[in-house]
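Visitor: Residues in the sequence shown are numbered consecutively from -18, following my numbering.
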Amino acid sequence: IILHSSSTRYPTPTATMKIACATLLLAAITGTQAFTAPQPLNARASTSLSVKQSDLDGAQSLIDGILQEKNCGPVFVRLAWHDSGTHDASITEAWPKAGGAIASIRFDPEINHGANAGLAGAVKLLEPVKEAFPDVSYADIYQMASARGIALAGGPKIDMKYGRVDASSPEQCSPEGNLPDAEAGDEGKFGGVGGTASTEDTAAEWHLRKVFYRMGLGDEEIVALSGAHTFGRAYADRSGLGAEKTKFTNGTPTKLSDGSETDKYTPGGSPWVEDWLVFDNSYFTTITDASTSDELLKLTTDKILFKDAGFKPFAEKFGESKDVFFESYAKSHKALSELGSKFEAIE
């Protein structure tokens, strides 16, 4: 059963009461500096659930409130991606051995993997949703927060499916090394030999393919999903990339998708585009534009999308049409969000 992001359902009275209680909990456990370095988490071990549609609707309403208050959509996208992006489609052992969107990222050691620096705060920020709606799995909450962050930022409405089952223990975490690098390391190599399969390569394009092909995704998905860099920032203390802050991220107002501006964000980091809280196709028009500010990121794995013969047609097409990009992105995001998931029926 699929819950559409554009759902017009309203929470039941019970769900509304849960939202109010969770809002108080959110205020109690979070401050203005919501996103901190990863710490070991005392995460509950929720596994198999039978979730009601009304609980999913209530969870969505609470997530929307967090997004509107904190402008934290980009970090929720990163959390969901880093959970699902561990998937290895070649592993045929019983679930959840192949990794994927199973919420194993909430456990130590996975939350403390180098690529996940800064995501413990995002896990913490979504804990009130779990408190209010315990029958909604963590895996669903993380993926819902990502999709809603994109939708509320002006991006496409993604045809999300819910009912995921959670990993139940740290022993079900994926090994470190399955996620992509944006730049080569000291030896001129992207990726490494760790993880479930080597992603090491001296060429950015083949490193990306080793990572995404392992998940079962292809060149179009690589380019479309890269387009989400239009949304958010990179931080030196998380990815090792980006400035302490830029003129676009120094606390001055930045544009929202409705045309208004906000200064309700934690200053810092480097964006790929000027309006980094708006989800559109500007990533594809900025990367190739030599006249843009030198404070915007243009990484090796960004620029290769316009050079590699397999990637370039998609990158150019997405730069020419936001509608074409949104159509491809929505399908690619949905596929990524379901990797490795085990679903149960929704009541």
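Cβ atoms here follow ideal geometry from the backbone N, Cα and C, with glycine treated the same way.
(1) Out of 305, 323, 56, 274, which one is the CA nearest neighbour of residue 131?
(2) In whole angstroms, what is the alpha-carbon distance linking residue 267 and residue 122?
(3) Ends of the alpha helix (DSSP H) at residue 36?
(4) Consult DSSP for residue 77 and reduce its assignment to one of helix, strand or coil.
(5) So the alpha helix (DSSP H) residue 267 belongs to, where does it begin and stop?
(6) With distances taken between CB atoms, is the gap from residue 151 to residue 90 smaller than 8 angstroms?
(7) For residue 101, which of 186, 59, 160, 313 has the nearest alpha-carbon?
(8) Kindly indicate which residue of 149, 185, 215 has the alpha-carbon position closest to the one of residue 169.
(9) Extract the residue ranges of the alpha helix (DSSP H) inside the stretch 62 to 130, only unbroken runs of 4 or more that lie entirely within it.
(10) Going by C-alpha distance, which of 326, 236, 264, 222 is nearest residue 98?
(11) Of all the options 183, 158, 177, which has the alpha carbon lying nearest to the alpha carbon of residue 167?
(12) DSSP has residue 298 in a bridge; who is on the other side?
(13) Using beta-carbon positions only, say whether residue 277 and residue 253 come within less than 8 angstroms of one another.
(14) Taking 8 angstroms as the cut-off, decide whether the C-beta atoms of residue 314 and residue 139 are in contact.
Guide: Judging by the given coordinates:
(1) Within the sequence shown, the letter at position 150 stands for residue 131. Considering only alpha carbons, the answer is 56.
(2) Within the sequence shown, residue 267 is the residue found at index 286, counting from 1. Within the sequence shown, residue 122 is the residue found at index 141, counting from 1. Cα-Cα distance, rounded: 32 angstroms.
(3) Residue numbering aside, residue 36 sits at position 55 when the sequence shown is read from its first letter. Following the DSSP letters along the chain, one finds residue 36 inside the alpha helix (DSSP H) bounded by residues 34 to 51.
(4) Along the sequence shown, one-based indexing puts residue 77 at 96. Coil at residue 77, not helix or strand.
(5) Taking the first residue of the sequence shown as 1, we reach residue 267 at position 286. From DSSP, the alpha helix (DSSP H) with residue 267 extends over 263 to 267.
(6) Working through the sequence shown from its first residue, we reach residue 151 at position 170. Working through the sequence shown from its first residue, we reach residue 90 at position 109. Yes, they are a contact pair.
(7) To locate residue 101, count along the sequence shown from 1; it is residue 120. With distances taken between Cα atoms, residue 101 lies closest to 59.
(8) Within the sequence shown, the letter at position 188 stands for residue 169. Closest option to residue 169, Cα to Cα, is 185.
(9) Unbroken alpha helix (DSSP H) stretches of 4 residues or longer found wholly inside the stretch 62 to 130: 101 to 113, given in chain order.
(10) Position 117 of the sequence shown, counted from the first residue, corresponds to residue 98. When each option's Cα is compared against that of residue 98, the closest is 222.
(11) For the purposes of this step, residue 167 is identified with residue 186 of the sequence shown, where counting begins at 1. The shortest Cα separation from residue 167 among 183, 158, 177 belongs to 183.
(12) Position 317 of the sequence shown holds residue 298. Looking at the DSSP output, residue 298 shares a beta bridge with no other residue.
(13) For the purposes of this step, residue 277 is taken as the residue at position 296 of the sequence shown. For the purposes of this step, residue 253 is taken as the residue at position 272 of the sequence shown. Contact flag set, yes.
(14) Numbered from 1 along the sequence shown, position 333 holds the residue referred to as residue 314. Numbered from 1 along the sequence shown, position 158 holds the residue referred to as residue 139. In contact: residue 314 and residue 139 (Cβ atoms closer than 8 angstroms).
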